[in-house]
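The structure appears right after this line, and notes come after that.
Protein chains: 2
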Amino acid sequence: MYDIKYFLQEVEKLFAEENFLGTPRELYEPIEYTLRLGGKRIRPTLLLAANALFGGNADAARGAALGIETFHNFTLLHDDLMDRSPLRRGQPTVYQKWDENTAVLSGDTMFALAWRYMLRHDSPRLREALQCFNETAIEVCEGQQKDMNFERLPLDGVTLGDYMDMIRQKTAVLLAGALKIGALLAEAPEAEVARLYDYGIHLGLAFQLQDDLLDGYGDTAVFGKKTGQDIRDNKKTYLPLRALGLCDASQAAELRTLFSDKDNMDEEDKVRRALDLYEAIGLRSEVEKAIGDEFAKCLRALDGIAAPEERKTPLRELTEMLVGRKK
Amino acid sequence: MYDIKYFLQEVEKLFAEENFLGTPRELYEPIEYTLRLGGKRIRPTLLLAANALFGGNADAARGAALGIETFHNFTLLHDDLMDRSPLRRGQPTVYQKWDENTAVLSGDTMFALAWRYMLRHDSPRLREALQCFNETAIEVCEGQQKDMNFERLPLDGVTLGDYMDMIRQKTAVLLAGALKIGALLAEAPEAEVARLYDYGIHLGLAFQLQDDLLDGYGDTAVFGKKTGQDIRDNKKTYLPLRALGLCDASQAAELRTLFSDKDNMDEEDKVRRALDLYEAIGLRSEVEKAIGDEFAKCLRALDGIAAPEERKTPLRELTEMLVGRKK
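Chains as they are written, first to last, in the numbering used here: chain A, 23 to 349; chain B, 23 to 349.
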């Protein structure tokens, strides 16, 4: 069981065995649709692997694994509504396939279903695990609000620090929270729980920066998304924000123009100009360095955890998968 | 402490002492706005009174009281968005005062804040209380979906049984759940918890039927709403659904016409025609009888609870307030 495939398969089995339909069907069909769309299932896999790292009772962890993934999918459902994203994993999003009210209410219900899974099994440290889950949920909402706030600001209005804080809340705390919940349910010592959480934060940051990098430099055929979508959308990701610090005055002016464009430019021209500028200032290697730094912190935290080395293998494999990924 | 005023004041104090603001302010201002709008605070009052009925530790109940009211206000916030209601308690609703995305995300965050309050204090039966809270939340969502489904159906498409089932889920289970949570946190015996839940269901049904009745027969000056709003909105409440069973064929045709009108009729004429029809078939006394039946079941359940009679006084007072109310 000490490889990541084992846990990925466990998670697939968990979802395959679960029934997500109920009455009224108008409420549950969008939920089942969302939870069957697939995805990488990273969070429940991390939760199970963290639980096994400390020899936990997998039963309690299995409920929580379903819960954390259901919560994650709820946030995607509502985010897609708020961002008016038509597609998710190549399929129409719920508000598109049904309507906005269905997206609101099915999402709310998914949040409650996540709690049902979290509460499915008792455990001596259940309350702590639930508190971690809930504080994580609140941070994810705060991160989403900050992300939406950024949309209304000019490129200069968001600092790299603001951005790192936003992705920590919107992305990293949920990976860290999944790990912590798995460890708490295994009754791991406080200090190890804290180290595992720290590992998760840096994993999440590295993961998100990698995602930002792939938008500019990914192989479309492998990544599955069109290169430069964040540039088309004027998204203030790590790339343009880091770029600003490397630009001279005229380059900075060009960057500001590109990222405040209200659909007047030819889209492909805009992407090309941004990527040319990135190339001129050597952005790619700077971003790779930042990812490398987070990756190193992530592995250092993992090294510091007092647990049998072979039990860490799955987490090391998952880390490599997520941070070294091409998609 | 054995009167309802004591608990209503306790609840007011709880809310007055709490800080609902946080960062980012765009997320928390609509939450604080919603939670400061007031309202009758029935659910937390029921929770505290049920807790005291069994001599519970008020501390654990206080967190849960904040939690249940925060949850209730979250559902109102999202319902107002879904129903496109511009006003709540005489003030603009969140989606009107801010925007739709703010309503979605602030609502989601309120649901999580409700959980923070529910988890604030430990208790030997915390997990059961949390499960009750969560299953209640799921039923409320199911009830809201059924209510939305009814809007798309003709008057004949909804039976009285469907309607009672919908209001049980949308309204009654939250009153019953509040009582049950209060009792569980007081470690009340199973049988008494069940009786209290039963009391809450019938209280909730009587309360909602009373609300339906007031729409048709309430004194606008006292009720604070314009008479006949449900008729203007073609809302399939207990009134027209019960009326169908009392009508002859031509009256039934008239009722169907009135409740399928797509804004072609003069609104006041429509309300008058519906109320005239109700008068002709003696609807009011029939609805009052149904309310009386639920009220009787409610009091019978309360009588059956093994607890000191003087401790039941607050619940008796609240029942009288809610079911005998003019607004």
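All residues carry an ideal CB built from backbone N, CA and C; glycine is no exception.
Counting only residues of its own chain and dropping the five nearest sequence neighbours on each side, glycine 61 of chain A has a CB closer than 7 angstroms to the CB of Arg111. The DSSP-derived three-state label of arginine 110 of chain A is strand. Chain order gives the chain A residues near isoleucine 160 of chain B as Thr131, Ala134, Leu135, Arg138, where near means a beta carbon separation below 8 angstroms. For the C-beta of glutamate 212 of chain B, not a single chain A residue is nearer than 8 angstroms; the gap to the nearest is close to 18 angstroms. In this structure the segment 312 to 329 of chain B does not lie against the segment 318 to 330 of chain A, because fewer than three pairs of beta carbons, one per stretch, are closer than 8 angstroms. The Cβ atoms of glutamate 161 of chain B and glutamine 191 of chain B lie closer than 7 angstroms to each other. In this model, glycine 77 of chain B and tryptophan 137 of chain B are separated by some 24 angstroms (Cα to Cα). Counting along the chain, proline 66 of chain A sits inside the alpha helix (DSSP H) bounded by residues 64 to 75. Legend: CB atoms of the segment 45 to 60 of chain A lying less than 8 angstroms from CB atoms of chain B belong to residues Thr45, Pro46, Glu48, Leu49. Here arginine 149 of chain A is not near glutamate 209 of chain A, since their CB atoms are 7 angstroms or more apart.
Separation of the CB atoms of leucine 103 of chain A and alanine 125 of chain A is rounded to 4 angstroms, and the pair is thereby assigned contact status at 8 angstroms. Lysine 27 of chain A sits in a helix when the DSSP states are folded into three classes.
The C-alpha of glutamine 166 of chain B lies about 30 angstroms from the C-alpha of aspartate 298 of chain B.
Nearest CB-CB separation between valine 126 of chain B and chain A: below the 7 angstroms threshold.
If you check the CB distance, tyrosine 219 of chain A and lysine 202 of chain A come in under 7 angstroms. Judged by their CB atoms, proline 66 of chain A and valine 116 of chain A are not nearer to each other than the 7 angstroms cut-off.
Uninterrupted alpha helix (DSSP H) stretches at least 4 residues long and entirely within the segment 245 to 305 of chain B occur at 251 to 254, 260 to 266, 271 to 280, 289 to 302, given in chain order.
With a cut-off of 8 angstroms on Cβ pairs, the segment 170 to 181 of chain B is not in contact with the segment 44 to 63 of chain B, counting fewer than three such pairs. If the five residues before and after glutamine 230 of chain A are omitted, its C-beta is found closer than 6 angstroms to the C-beta atoms of Ile189, Thr193, all from its own chain and listed in chain order.
Rounded to whole angstroms, the separation of the alpha carbons of leucine 182 of chain A and tyrosine 260 of chain A is 7 angstroms. Chain-order list of chain A residues neighbouring aspartate 144 of chain B: Arg149, by C-beta distance under 9 angstroms.
Scanning its chain for C-beta atoms nearer than 8 angstroms, with the 5 sequence neighbours on each side dropped, one finds around leucine 277 of chain A the residues Leu177, Pro262, Ala265, Leu266, Cys269, Ala296, Leu299, in chain order.
DSSP places glycine 238 of chain B within a helical segment (H, G or I) once states are collapsed to three.
Between the beta-carbon of alanine 159 of chain B and that of alanine 134 of chain A there is about 4 angstroms, and that keeps the pair under the 8 angstroms contact cut. Listed along chain A, the residues sitting closer than 7 angstroms to cysteine 163 of chain B by beta-carbon distance are Leu49, Leu127, Asp130, Thr131, Ala134. Residues Leu261, Arg264, Ala265, Leu268 of the same chain have their beta carbon placed closer than 7 angstroms to that of leucine 305 of chain B, with the five preceding and five following residues left out of the count. Taking 9 angstroms as the cut-off between beta carbons, the residues of the segment 170 to 196 of chain A near chain B are Met170, Asn171, in sequence order. If you check the CB distance, leucine 236 of chain B and valine 309 of chain B do not come in under 7 angstroms.
Within the segment 109 to 158 of chain A, the alpha helix (DSSP H) runs of at least 4 residues that lie entirely inside it are, in chain order, 116 to 119, 122 to 140. Distance from the CA atom of arginine 217 of chain B to the CA atom of alanine 71 of chain B, rounded to whole angstroms, is 15 angstroms.
The continuous stretches of alpha helix (DSSP H) do not include valine 180 of chain B, and DSSP gives it neither H nor E. Rounded to whole angstroms, the gap between the alpha carbons of aspartate 325 of chain A and proline 336 of chain A is 13 angstroms. By the C-beta density criterion, aspartate 255 of chain A is exposed, having fewer than 16 other C-beta atoms within 10 angstroms. In the three-state scheme derived from DSSP, where H, G and I count as helix and E and B as strand, asparagine 41 of chain A is classed as coil. Residues of chain A whose Cβ lies closer than 7 angstroms to the Cβ of asparagine 79 of chain B do not exist, since the nearest Cβ in that chain is about 16 angstroms away.
Between histidine 100 of chain A and chain B, the shortest Cβ-Cβ separation is below 7 angstroms.
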